[in-house]
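Residue numbers (this note's numbering): 3 to 217.
Cβ atoms here follow ideal geometry from the backbone N, Cα and C, with glycine treated the same way.
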Amino acid sequence: MNIFRLAGDMTHLFSVLVLLLKIYATKSCSGISLKTQELYALVFIMRYLDLFIDFISVYNTVMKLVFIGSSLAIVWCMRRHRMVMRTYDKDLDTFRHFFLVLAALVLALLVHEKFTILEILWAFSIYLEAVAILPQLVLLQRSGNVDNLAGQYVFFLGAYRAFYILNWIYRYYMEPHFTRWIACVSGLVQTALYADFFYYYFISWKNNAKLKLPA
3 MNIFRLAGDM THLFSVLVLL LKIYATKSCS GISLKTQELY ALVFIMRYLD LFIDFISVYN
63 TVMKLVFIGS SLAIVWCMRR HRMVMRTYDK DLDTFRHFFL VLAALVLALL VHEKFTILEI
123 LWAFSIYLEA VAILPQLVLL QRSGNVDNLA GQYVFFLGAY RAFYILNWIY RYYMEPHFTR
183 WIACVSGLVQ TALYADFFYY YFISWKNNAK LKLPA
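Structure below.
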């Protein structure tokens with residue numbers, strides 16, 4: 003564990019807490035893409051199947067359970083909670099996310115580090131996570147105005163990926179046998195997807211104005 007990975011984990015956790023706060027405190031999921039949340043739930047389930055066969059540390063196990071549990075709870079609220087589901091922007095959340103799942107699966111079957119079920123599912127989760135934010139970004143772009151909590155949620159998700167890039171750079175120089183190049187390349191792609199959002203986020207922060215994304 004290094005400081006960059008810890009910072010990444012904490013910003014990731016904070017993004018989830020911000021989203022849960024928005025949903026449970028305001029009873030609203032306006033501005034949040036259900037399709038992105040479904041993709042994240044699939045990402046965490048597929049990536050953390052090793053919970054049943056490989057114990058690394060208490061911290062590692064707890065974080066895995068938190069991300070699986072929270073992602074499933076968010077999807078359940080957006081689909082089943084009577085008050086929350088009424089606020090879902092269904093007409094704006096029309097990104098065909100099944101194509102992302104199919105593309106990630108095909109890529110995982112073709113490009114992986116080891117031809118085993120767990121390694122292919124791990125690669126699938128990495129590829130899918132790299133593009134899982136796309137439905138959310140498209141929804142925010144279509145809605146124009148972004149509420150404060152939704153904007154903070156996306157910002158902390160982007161910060162999490164940025165910290166993980168620093169983590170991989172650190173590990174590349176400090177761990178001679180570090181070879182997770184699939185995660186590195188996918189992480190760079192994912193972080194690049196946030197570039198436009200970050201630009202407008204900092205502009206709104208600098209001007210103390212409401213976040214607006216161009217349509």
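ask   = In angstroms, rounded to a whole number, what distance separates the CA positions of residue 56 and residue 136?
value = 32 Å
request  = Sort 29, 4, 33 by Cα distance to residue 152 and report the nearest one.
outcome  = Considering only alpha carbons, the answer is 33.
query = Thinking C-beta only, is residue 99 closer than 9 Å to residue 37?
reply = yes
Residue 88, enclosing alpha helix (DSSP H) - first and last residue = It is not in any alpha helix (DSSP H) - residue 88 carries neither H nor E in the DSSP assignment.
The stretch 71–79 in contact with the stretch 40–50 per 3-pair CB rule at 8 Å = yes
request  = Measuring alpha carbon to alpha carbon, tell me which of 134, 193, 21 ends up nearest residue 80.
outcome  = 21
query = Considering only the beta carbon of each residue, do residue 154 and residue 17 sit closer than 9 Å?
reply = yes
message = I'd like the list of long-range same chain contacts for residue 11, defined as Cβ closer than 7 Å, with 5 residues on each side in sequence excluded.
response = Taken in chain order, the residues that qualify are 65.
key: Nearest to residue 9 (by Cα), restricted to the options 158, 174, 150   = 158
query = Just reading off the alpha helix (DSSP H) that residue 53 is part of, what are its end residues?
reply = In the DSSP annotation of this structure, residue 53 is not part of any alpha helix (DSSP H), being labelled neither H nor E.
request  = Over the uninterrupted alpha helix (DSSP H) stretch that includes residue 7, give me the two end residues.
outcome  = 5–28
request  = Could you check how far apart the C-beta atoms of residue 192 and residue 163 are, in whole angstroms? I think they sit under 8 Å.
outcome  = 5 Å
Chain-order list of residues whose beta-carbon lies under 7 Å from that of residue 278 (same chain, five-residue window excluded) = This structure leaves residue 278 out entirely; the chain is present only between 3 and 217.
message = At the level of alpha carbons, what is the spacing between residue 59 and residue 90?
response = 38 Å
query = If we call anything under 9 Å between Cβ atoms a contact, is residue 35 one with residue 97?
reply = Against a cut-off of 9 Å, the Cβ pair of residue 97 and residue 35 comes out as a contact.
ask   = Would you call residue 171 buried or exposed, if buried means 16 or more other Cβ atoms sit within 10 Å of its Cβ?
value = exposed
request  = Compare the Cα-Cα distances from residue 105 to each of 85, 133, 116 and report the closest residue.
outcome  = 133
task = Given a cut-off of 9 Å, decide if residue 41 and residue 131 are closer than it, judged by their beta-carbon atoms.
result = yes
request  = Kindly indicate which three-state DSSP category residue 189 falls into: helix, strand or coil?
outcome  = Residue 189 sits in a helix when the DSSP states are folded into three classes.
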